[in-house]
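Heads up, the sequence shown is in our numbering, so the first residue is 21 and it goes up one at a time.
A quick write-up on the structure given underneath.
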Amino acid sequence: MNPVNYLYLAALLFTIGATGVLIRRNAIVVFMCVELMLNACNLAFVTFSRMHGNLDGQIIAFFTMVVAAAEVVVGLAIIVSVFRARHSASVDDASLMKL
21 MNPVNYLYLA ALLFTIGATG VLIRRNAIVV FMCVELMLNA CNLAFVTFSR MHGNLDGQII
81 AFFTMVVAAA EVVVGLAIIV SVFRARHSAS VDDASLMKL
């Protein structure tokens, strides 16, 4: 398969994720869309790494996965905390950080 097709797929996935972040109001859905955008970046990094024949893109993709794992831990804790305080997972309700 041509590596350019992987770049098209990465661009499509990133666009879907960005659209979800901009349109949706549920914090969990926004969270999943951010993960989709991070995975699209990983796909692009690995594709560029393969196209250029070095491992730099794969190393950056590894660090991106580490950041995504940390984001899951912190982000889900914040979402659960906001849900317990406000009984809603809407990002509009969480615009003010005071309870």
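Built from N, CA and C at the ideal position, the CB exists for glycine as well.
Taking the Cβ atom as the reference point for each residue, do residue i and residue j lie within a distance shorter than 8 Å?
| i | j | result |
| --- | --- | --- |
| residue 46 | residue 109 | yes |
| residue 90 | residue 102 | no |
| residue 73 | residue 53 | no |
Identify whether residue i lies in helix, strand or coil by the three-state DSSP scheme.
| i | result |
| --- | --- |
| residue 25 | helix |
| residue 46 | strand |
| residue 108 | coil |
Could you compute how far the alpha carbon of residue i sits from the alpha carbon of residue j?
| i | j | result |
| --- | --- | --- |
| residue 84 | residue 106 | 31 Å |
| residue 78 | residue 51 | 24 Å |
| residue 88 | residue 55 | 7 Å |
Mark residue i as exposed unless 16 or more other C-beta atoms lie within 10 angstroms of its C-beta, in which case mark it buried.
| i | result |
| --- | --- |
| residue 57 | buried |
| residue 35 | exposed |
| residue 96 | exposed |
| residue 100 | exposed |
| residue 82 | exposed |
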